[in-house]
Amino acid sequence: MRRPRWTTLTAVAAAAALSLGLAGPATAGDRAPRSADRVVAAMQPGWNLGNTFDAVGADETAWGNPGVTRELLDEVHDNGFRSIRLPVTLGQHEGPAPDYTIAPAVLDRVEEVVDWALAEDLAVLLDLHHDSWMWTNAMPSRHDEVLAQFTATWEQLAERFRDHPRTLLFESINEPQFAGSTGEAQEYALLDELNVAFHEVVRSSGGRNADRVLVLPTLHTDSGQARLDSLVSTVTALDDPNLAATFHYYGYWPFSVNVAGGTRFDATAQQDATDAFARVRTTLVGQGIPVILGEYGLLGFDRHTGTIEQGEKLKFFEHLGHQARTTGVTTMLWDNGQHLDRTAFTWRDPELFAQISSSWKKRSGTASTDQVFVRPGAVTDQTVTLNLNGTTFRDLSLGRQKLKKGRDYQLSGSTLTLPAALLQRLSGTGGYGTSAELVARFSQGVPWSIEIVDADTPVLSGAAGTTDAFAVPTDFRGDRLATMEARYLDGSNAGPHGWTSFKEFDVTFAPDAAAGTILLRPAFFAEVTDGSPVVLTFHFWSGDTVRYTVVRSGSSVTGTVG
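Quick note, the sequence shown lines up with residues 408 to 969 if you use the numbering used here.
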């Protein structure tokens, strides 16, 4: 869908903004501006234009993403998003003190993209991003210099955008952090000082900045209770009705990166999300402070989305969407290019996006697993526990064929039983890999797919290599690697994250089914004692485990089975 090109705020756009109550300060005969909570609510859902203008480098393509186009923003809008967060990193584009002048070409380009987004009916949250660790973090030791640069930066941004409509919001600083502080008390005080300076600069610049919604982060944009309480103190002292709060949520850390055995979105991971949103509800939303979840996702996605098993990540996003929606929080999906293909304009994982977008409005049924493994010659009944999430189960199908309850499968409460006879029929010729896909449908939301996978215990082989390139020859035989343990012969933990025997997926090891190998990364061997045998236990999703021993000798590595 094409819309009129945005220049400044045209008469048509001005009238539209006024009709929505989003225009600037009210004048005689105008409707009063919308309250901050209504502005924030109208931004749901949002999307981050990540790894673009926030990239540390020459321009917006420095971190591998293509230049932003109007067509991209049109696609974002057409996929149901109502706002974008536009992270910008400006320190590398600023001149020396005392003016810290931002390169005009950079400001012009940022404004062009802001205007494109507004023209596509997308609200914009403009955020000062990696400056948080590039220079504002030095505030404990360079207080006056950092405060001067921060103030000068926002003076220039406020002046450039002072006449833009209230569908443009400002966020003071991304993930604020402070190096070399005396402790959290000092860090809270420094963040308060930055947020207050930001507020003063923007408000004093006039124009529509007089009542523009300003977004303030917690320390590290974390949802811990002390972080929330400190931000509430700042908001209360500022006594400004056009303020909003922001935090980020990337899940329970062991699950989010797949370490320490956190392969599943289990009760602990679920409770972590529930508790975070409960604190936000009580401390912020319940006190009338609108909240934006400025970033959410899984940290393992920074490497690739396959770091987390498909069904487990689908359950995470379904649960998070429900928590945010029922808390009244506006969500902004973090996308550094791993979700929406910015050239083809397609979602790299359509199933994942379907779950995310569905969660904006409703719950979906899920299940304990999305993969059922069938061992050739030893087929038995298998059970799957349905997570109804307030829905009701409707049917189970194979392609276009609805299976018959009682004949093809049994359902008792939330327990779905797939009989051996059905699995035997679906397993086909006995070749390894996915032989069929069943689809469970519920009274609302997206369906849940269950792969039927023919698999047998994987077979590993001995190998030799180096710490920079070592691969365990693996005949996966249809199975899939879930995680890896590493211990020395005395039972103590080996490798990085020495507090757990379970190593981090993809950082220390990575399966490559196409190549028939399991890679052991240099990061793993960097923390392995020279000459000491390390027993690896590979855990597969079928439940099978296989042991393998590696010995590092300088930069050489040998591996043997068992």
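Each residue gets a CB set at the ideal place from its N, CA and C atoms; glycine is no exception.
Item	Value
Where Tyr659 sits in the DSSP three-state scheme	coil
Any 3 or more C-beta pairs closer than 8 Å across the region 492–512 and the region 743–759	no
Span separating the alpha-carbon of Thr956 from that of Pro940	6 Å
Alpha-carbon to alpha-carbon, Asp913 and Thr873	18 Å
Proximity to Asp788 [Cα-Cα], best of Val866, Arg832, Asp551 and Leu795	Arg832
Residues near Gly487 in its chain [Cβ-Cβ closer than 6 Å; skip 5 each side]	Ser764
Per-residue DSSP class, three states only, for Glu858	strand
Burial state of Glu527, where buried means 16 or more other Cβ atoms lie within 10 Å	buried
Backbone CA spacing between Ala559 and Ala504 [nearest angstrom]	9 Å
CA-to-CA distance, Asp919 to Asp742, given in whole angstroms	25 Å
Cβ-Cβ separation, Val531 to Ile580 (assumed contact under 8 Å), whole Å	Rounded, the Cβ-Cβ distance is 17 Å, inconsistent with contact.
Close-in-space but distant-in-sequence residues of the same chain around Ser908 (CB under 7 Å, 5 per side omitted)	Glu892, Ala893, Arg894 and Asn900
Supposed close pair Thr734, Phe684 - CB separation, criterion 8 Å	5 Å
Touch test, the region 843–856 against the region 796–803, Cβ-Cβ under 8 Å, three pairs minimum	yes
Member of Phe568, Asp485 and Leu529 whose CA lies at the smallest distance from the CA of Val517	Phe568
Residues near Gly838 by beta carbon distance below 7 Å, same chain, minus five either side	Asp861
Leu971 vs Ile857 beta-carbon contact at 8 Å	Past the edges of the chain, shown from 408 to 969, lies residue 971, and the structure says nothing about it.
6 Å Cβ shell around Phe877 - same chain, five flanking residues per side excluded	Leu927 and Val964
Alpha-carbon spacing of Gln678 relative to His726, whole angstroms	10 Å
Length of the line joining the Cα atoms of Leu759 and Leu721	6 Å
Whole-number beta carbon distance between Leu525 and Pro979, since they are thought to touch under 8 Å	Coverage of the chain is limited to positions 408 through 969, which leaves residue 979 absent and any answer about it impossible.
Segment contact, 8 Å Cβ cut-off, at least three pairs: the region 581–601 with the region 610–617	no
Cα-Cα separation, Ser588 to Pro547	6 Å
Endpoints, the beta strand (DSSP E) within which Gly701 is located	Val698 to Tyr703
Of the residues Val781, Gly813 and Trp855, the one placed nearest Gly950, counting alpha carbons only	Val781
Reduced DSSP category for Asn544 - H, G, I as helix; E, B as strand; rest coil	helix
Distance, Thr738 Cα to Ala674 Cα	23 Å
Option nearest Phe605 by Cα separation, candidates Thr641, Ser637 and Asp570	Thr641
Which listed residue (Thr792, Thr670 and Arg732) has its alpha carbon closest to that of Trp767	Arg732
Span separating the alpha-carbon of Val666 from that of Val608	43 Å
Beta-bridge partners of Trp454, as assigned by DSSP	Ile491 and Leu740
Secondary structure, beta strand (DSSP E): runs of 3+ residues fully inside the region 569–624	575–578 and 621–624
Span of the alpha helix (DSSP H) around Pro918	Counting along the chain, Pro918 falls outside any alpha helix (DSSP H), though it belongs to the beta strand (DSSP E) covering Phe916 to Asp919.
Closest by C-alpha distance to Asn711, when choosing among Val664, Gly728 and His537	Asn is not the amino acid found at residue 711; the sequence shown has His there. Comparing Cα positions, the closest option is Val664.
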